[in-house]
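In what follows, a single structure is set out as structure tokens and then discussed.
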Amino acid sequence: MDYKKAAKQICRKLGGRDNLDKVEHCSTRLRVTVKDPEKVDLRGLKNLKEVSGVVHDGAELQIILGPGTVIRIFNYLYLIEKEEIQRASGRSKSPGYWLKKGVKKMGDIFIPIIPALVAAGFLKGIVDLMGTLSQHGILNIGLDNSFYSFAGLIVNSVYAFLPILIAFSAARVFGGNPYLGAVVGMMMLNPDLQNAWSKVSDGVVTYQSVFCGLYEVPMTGYQGHVLPVIIAVWIMSVLEKKLHKTVPPMLDLFITPLASLFISGYLTFAIVGPVFLKIEDILLLVVKDILTAPWGIGGFFMGGIYSAIVVTGIHHMYTVLELGQLASYGFNYLNPVASAANIAQGGAALAMAIRMKNRRVKGIAIPSALSAFMGITEPAIFGVNLRYGTPFLAAALGGACGGWYAALRGLGASGTGVSGIFAFPLYLKEPWDYLLSLFIALAVSFALTWVLGGREENLHVTSPVQGELIPLAEVNDSTFRRGVLGPGVAIHPSKGKIVAPVDGTIEVTFETGHAVILSGRNGAEILVHVGINTINLGGRYFSCKVKKGEKVKRGELLIEFQKESIEREGYDLTTPVILVNADKYDLTLIREPGKVKMLDEVMQIE
Numbered sequence: 009m010d011y012k013k014a015a016k017q018i019c020r021k022l023g024g025r026d027n028l029d030k031v032e033h034c035s036t037r038l039r040v041t042v043k044d045p046e047k048v049d050l051r052g053l054k055n056l057k058e059v060s061g062v063v064h065d066g067a068e069l070q071i072i073l074g075p076g077t078v079i080r081i082f083n084y085l086y087l088i089e090k091e092e093i094q095r096a097s098g099r100s101k102s103p104g105y106w107l108k109k110g111v112k113k114m115g116d117i118f119i120p121i122i123p124a125l126v127a128a129g130f131l132k133g134i135v136d137l138m139g140t141l142s143q144h145g146i147l148n149i150g151l152d153n154s155f156y157s158f159a160g161l162i163v164n165s166v167y168a169f170l171p172i173l174i175a176f177s178a179a180r181v182f183g184g185n186p187y188l189g190a191v192v193g194m195m196m197l198n199p200d201l202q203n204a205w206s207k208v209s210d211g212v213v214t215y216q217s218v219f220c221g222l223y224e225v226p227m228t229g230y231q232g233h234v235l236p237v238i239i240a241v242w243i244m245s246v247l248e249k250k251l252h253k254t255v256p257p258m259l260d261l262f263i264t265p266l267a268s269l270f271i272s273g274y275l276t277f278a279i280v281g282p283v284f285l286k287i288e289d290i291l292l293l294v295v296k297d298i299l300t301a302p303w304g305i306g307g308f309f310m311g312g313i314y315s316a317i318v319v320t321g322i323h324h325m326y327t328v329l330e331l332g333q334l335a336s337y338g339f340n341y342l343n344p345v346a347s348a349a350n351i352a353q354g355g356a357a358l359a360m361a362i363r364m365k366n367r368r369v370k371g372i373a374i375p376s377a378l379s380a381f382m383g384i385t386e387p388a389i390f391g392v393n394l395r396y397g398t399p400f401l402a403a404a405l406g407g408a409c410g411g412w413y414a415a416l417r418g419l420g421a422s423g424t425g426v427s428g429i430f431a432f433p434l435y436l437k438e439p440w441d442y443l444l445s446l447f448i449a450l451a452v453s454f455a456l457t458w459v460l461g462g463r464e465e466n467l468h469v470t471s472p473v474q475g476e477l478i479p480l481a482e483v484n485d486s487t488f489r490r491g492v493l494g495p496g497v498a499i500h501p502s503k504g505k506i507v508a509p510v511d512g513t514i515e516v517t518f519e520t521g522h523a524v525i526l527s528g529r530n531g532a533e534i535l536v537h538v539g540i541n542t543i544n545l546g547g548r549y550f551s552c553k554v555k556k557g558e559k560v561k562r563g564e565l566l567i568e569f570q571k572e573s574i575e576r577e578g579y580d581l582t583t584p585v586i587l588v589n590a591d592k593y594d595l596t597l598i599r600e601p602g603k604v605k606m607l608d609e610v611m612q613i614e
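Under the working numbering, the letters of the sequence shown match residues 9 to 614, in that order.
What follows is the structure, encoded as structure tokens:
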């Protein structure tokens, strides 16, 4: 793949470098905020072969590219546009902007920490398995065994000092000094504070009065907590940046770090910490109550909606809850539900790969299914399942069934950071239940997709106008003749009416009224372009009868034009009918050149 070329194409479809306000990325998505959404060629963006799908909400777009591809394209895009792109401008204030921005920041904070969490989770699973085998006399390993002891130290170190890692990463994300952020994390784990875990065990809590005795706060550490740490570092970062702007340069080195740490530290211990600790506890309790609802109902619900949350891109919020569960309960009860949902998406994509005859669908579905089995579902969701609709719903039900079994059995992971088959080491104490939950999700989604969503029907495209059918290669325009816009046919019209060649939805209309793009039920996009260079008429002699987003039936009137008047102006009225997104479909021409009536079948798209 030519990543530089792909980056340039994406940039053009987004309206050019002057239209880019912010560009960021996660593991599979390019996240872009544009200045003017009207300049974005959304259809063209979706049709790029490198793009698996696009989620857009006003000025914000999520372009799904897949793991590995996204970072390469981002790097080229950033190099091309580095003078214009503001990576953290955030000027858009669309509804829900702040919520989505907050969730995005959460993801940015935890992505660099995930390798440490994965290593600790895997190692904890191995240690737990060794302990279980030792208890049953299968292994003769005592607590004084060096491997057992050192492995436990490594695991405990990651979780005990996790707030420091979170604080360091959060400061970088919020634009503060990461080392000052780490100090905030250290303050919240200070050994002079009562250890949060020992407080739980002995039930004794010490208090400190604040604000001249106005009230008291518990003097406990924040071991295992996430939200209070992130909010504390955010306050520190905001203070630091404001002080850098206002404090004289000669005093900046002394005053800024001192004031930033003291003010944020005092506010953390006096207000922020206790308040957000309570909020975090409430969130964890709510999630726990859902997942432990009778008869596995909570797991069914969470497994069913998980993939829909992935579509919105806000699934990174689960990391906060997963870490909180590990700290509070010792296990991560969200991971098995997420794993079931991911496997289900892979199962649906696999069924489509086997069932469908279209080579392009197979080429996308097989690697997408494998990716989903490993925990990365965006290629399967956007490349296959959402495109056909039914497979996505089948996968949602499969995820719900797998999540139901996981909740029914009380499955919990020993760590976080991975899902699907790669999460198996997190379940070494209950491997068969985990594998069975994945099998249930896979079987349900595969079977439902096979029965309900795996059938493909060719899209029969009829002539939108009466006239003379000619090969596209004979059109008097190099763009159409060379197939730059896609394959198709062309017709010399004998009458001035254009009708819909398929049942579908109007995707694009033009102010000049000379052309229209509509999509068929299978997503194939068809351009009907009346005449060569007729755009130069500026809309004279044309009347478009439909609007963007309108549903139309085959044979419904789309455009009326004054044939004789246009020909007197010297224009060639040859009308190309083009499959625009041909990279995703196979097109077959089924009619020989010659006379053609309106609604005679001229090609098939599969």
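C-beta: ideal position from N, C-alpha, C; glycine also.
Note that the coordinates shown come from a computational prediction; the quantities given were computed from them, not determined experimentally.
- Here the segment 155-166 makes contact with the segment 120-130; the two share three or more CB pairs at distances below 8 Å.
- Residue nearest to L526 within the set L493, Y579 and V588 is V588 (criterion: CA-CA distance).
- A Cβ-Cβ distance of about 13 Å is found for the pair A403 and S347, leaving them out of contact under the 8 Å criterion.
- The segment 253-261 and the segment 233-243 do not touch, with fewer than three beta-carbon pairs separated by less than 8 Å.
- Going by beta carbons, V483 and P509 fall outside the 8 Å limit.
- Between K253 and G183, the C-beta spacing is not below 8 Å.
- Secondary structure of A498 (DSSP, three-state): strand.
- Rounded to the nearest angstrom, the Cβ distance from L188 to A179 is 6 Å, consistent with a contact under 8 Å.
- Residue environment: K556 is assigned as exposed (fewer than 16 neighbouring CB atoms within 10 Å of its CB, all protein chains considered).
- Judged by DSSP secondary structure, G52 falls outside any beta strand (DSSP E) and instead within the alpha helix (DSSP H) spanning L50 to N55.
- Only residues of its own chain outside the window of five on either side were considered, and among them I72 and F390 have a CB closer than 6 Å to the CB of G61, listed in chain order.
- One Cα belongs to E572, the other to N541, and the distance between them is close to 16 Å.
- Around the beta-carbon of F82, 16 or more other beta-carbon atoms lie within 10 Å, marking it buried.
- Around the C-beta of V241, 16 or more other C-beta atoms lie within 10 Å, and the residue is accordingly described as buried.
- Residue pairing by DSSP places F569 opposite F550 in a beta bridge.
- Straight-line measurement puts the Cα of Y442 at about 55 Å from the Cα of R599.
- Listed in chain order, the alpha helix (DSSP H) runs fully inside the segment 266-332 are 281-299 and 305-320, counting runs of at least 4 residues.
- Selection E46, V42 and L53 evaluated against A15 yields L53 as nearest (Cα-Cα).
- For G602, the secondary structure class from DSSP, reduced to helix, strand or coil, is strand.
- The secondary-structure analysis by DSSP pairs R529 with nothing; it has no beta-bridge partner.
- In the three-state DSSP reduction, D29 falls in the strand class (E or B).
- Listed as beta-bridge partners of N340 by DSSP are A421.
- Looking at V585, K57 and R25, the one whose alpha-carbon comes closest to that of D44 is R25.
- Here G406 is not near L446, since their CB atoms are 8 Å or more apart.
- Beta-bridge analysis with DSSP links S217 to E224.
- In the three-state DSSP reduction, P199 falls in the coil class, being neither helix nor strand.
- Between the alpha carbons of D297 and R562 lies a gap of roughly 52 Å.
- By the neighbour-count criterion, in which a residue is buried when 16 or more other Cβ atoms sit within 10 angstroms of its Cβ, Y215 is exposed.
- The segment 234-260 is shown to contain whole alpha helix (DSSP H) runs of 4 or more residues at 235-254, in chain order.
- Inter-segment contact for the segment 514-530 and the segment 604-612 is absent: fewer than three beta-carbon pairs are separated by less than 8 Å.
- Scanning R367, L358, I134 and S177 for the CA closest to the CA of S157 turns up I134.
- Nearest Cα to I239 within the set L222, F284 and V213: F284.
- Look at E614 here: in three-state DSSP terms it is coil, with no helix or strand label.
- Counting only the Cα atoms, V59 lies some 13 Å from D49.
- Looking only at V280, S268 and T36, the smallest Cα-Cα distance to V225 is reached by V280.
- Apart from the 5 residues on each side of it in sequence, V255 sits with its Cβ closer than 6 Å to the Cβ of I263 and T264 in its chain, given in chain order.
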